[in-house]
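S.K.: Numbering (the working numbering), first residue to last: 9 to 175.
All residues carry an ideal CB built from backbone N, CA and C; glycine is no exception.
Mind having a look at this structure? Questions to follow.
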Amino acid sequence: MAHYSPDEAGYWAVPEKYQSMRNLAETMRMTWFILGDDDSEDAPAAMVLDMQPGHVIARHAHDCERVEIVVSGSLDVGDRILRAGDIMVAHPGEFYGPHVAGPEGCMTLEVFSAARETHQIVYQAEDGTKVKPDALIGEYRPRRLAGMEGVREKVAAVRAEAAKRNS
9 MAHYSPDEAG YWAVPEKYQS MRNLAETMRM TWFILGDDDS EDAPAAMVLD MQPGHVIARH
69 AHDCERVEIV VSGSLDVGDR ILRAGDIMVA HPGEFYGPHV AGPEGCMTLE VFSAARETHQ
129 IVYQAEDGTK VKPDALIGEY RPRRLAGMEG VREKVAAVRA EAAKRNS
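Printed below as a string of structure tokens:
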């Protein structure tokens with residue numbers, strides 16, 4: 009049995025095999041827990057994301073079952089605002105997002121039915137092309153993604169609200 013706390017040194021340490029993903033986002037901390045054999049890409053995995061206000065998770069999909077639980081803060085998922093305790097489920101190939109962390113930031117716990125899907129994410133470019141880059145080998149998403157309309161305005165509004173709260 010193991011116990012983990014986000015306040016302890018090492019909690020946010022990225023496992024060796026995921027080091028190339030460590031700097032994907034400057035406004036988010038993340039950590040992984042493989043639920044089974046650490047060497048199996050087919051084992052389930054859990055990922056904790058700690059996002060600063062206005063952090064954006066681009067529209068994407070995974071080729072596995074995925075559940076996300078909001079632990080703290082809020083997350084704008086397009087058609088509603090999720091808050092602590094809310095759950096979102098996505099099935100294989102189901103696109104979701106973009107998501108924007110609220111003015112107080114947001115921490116979520118995501119559980120994936122296959123560990124490989126934490127780094128092999130499906131994106132859809134503006135031209136409709138689907139791509140599945142592997143971040144572990146340095147491949148990254150296309151620059152212009154479908155479904156990202158209005159995100160800049162949402163981020164600006166969230167950051168303005170966060171600044172008001174902090175002044």
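What does the Cβ neighbour count give for E118, buried or exposed, with the cut at 16 atoms within 10 Å?
M.R.: Position 110 of the sequence shown holds residue 118. Its Cβ being crowded by 16 or more others within 10 Å, E118 is buried.
S.K.: Please state whether the Cβ-Cβ distance between D84 and V108 is less than 8 Å.
M.R.: As a working note, residue 84 is residue 76 in the sequence shown. As a working note, residue 108 is residue 100 in the sequence shown. Yes, the pair counts as a contact, with Cβ atoms nearer than the cut-off.
S.K.: If A66 and Y131 are in contact, beta carbons under 8 Å, what's the gap, nearest whole angstrom?
M.R.: What you label residue 66 is simply residue 58 of the sequence shown in a count that begins at 1. What you label residue 131 is simply residue 123 of the sequence shown in a count that begins at 1. Contact holds; Cβ gap of about 7 Å.
S.K.: Helix, strand or coil, according to DSSP, for R151 in the structure here?
M.R.: Looking up residue 151 in the sequence shown gives position 143. DSSP places R151 in coil when its eight states are reduced to three.
S.K.: Locate the beta strand (DSSP E) running through V108, then write down its first and last residues.
M.R.: For the purposes of this step, residue 108 is taken as the residue at position 100 of the sequence shown. Residues H107 to F120.
S.K.: If we call anything under 8 Å between Cβ atoms a contact, is H63 one with I129?
M.R.: As a first step, residue 63 is located in the sequence shown; it is residue number 55 there, counting from the start. As a first step, residue 129 is located in the sequence shown; it is residue number 121 there, counting from the start. No, the Cβ-Cβ distance between H63 and I129 is not below 8 Å.
S.K.: Would you say E144 and M59 are within 8 Å of each other, going by their C-beta atoms?
M.R.: On the sequence shown, residue 144 is found 136 positions in, with the first residue counted as 1. On the sequence shown, residue 59 is found 51 positions in, with the first residue counted as 1. The sequence as given places Leu at residue 144; Glu does not occur at that position. Going by C-beta atoms, L144 is not nearer than 8 Å to M59.
S.K.: Under 8 Å, do S121 and E73 count as touching if we go by C-beta distance?
M.R.: Start at 1 with the first residue of the sequence shown, and residue 121 comes out as number 113. Start at 1 with the first residue of the sequence shown, and residue 73 comes out as number 65. Their beta carbons are under 8 Å apart, which means S121 touches E73 by this criterion.
S.K.: Hey, how far is the Cα of S13 from the Cα of Y19?
M.R.: Against the sequence shown, residue 13 aligns to sequence position 5. Against the sequence shown, residue 19 aligns to sequence position 11. Taking the straight line from one Cα to the other gives about 6 Å.
S.K.: Which partner residues does Y104 have in the DSSP bridge list?
M.R.: Locating residue 104 in the sequence shown gives position 96, where the first residue counts as 1. Beta-bridge pairing links Y104 to H68.
S.K.: In the DSSP assignment, find the beta strand (DSSP E) that holds R160 and state where it starts and stops.
M.R.: The count along the sequence shown starts at 1 and reaches residue 160 at position 152. Judged by DSSP secondary structure, R160 falls outside any beta strand (DSSP E) and instead within the alpha helix (DSSP H) spanning V159 to R173.
S.K.: So what does A53 bridge to, in DSSP terms?
M.R.: Your numbering for residue 53 matches position 45 in the sequence shown. Answer by DSSP bridge pairing, in chain order: I42 and F120.
S.K.: In whole angstroms, what separates the C-alpha of P52 from that of R152?
M.R.: On the sequence shown, residue 52 is found 44 positions in, with the first residue counted as 1. On the sequence shown, residue 152 is found 144 positions in, with the first residue counted as 1. Spanning the two alpha carbons is a distance of roughly 30 Å.
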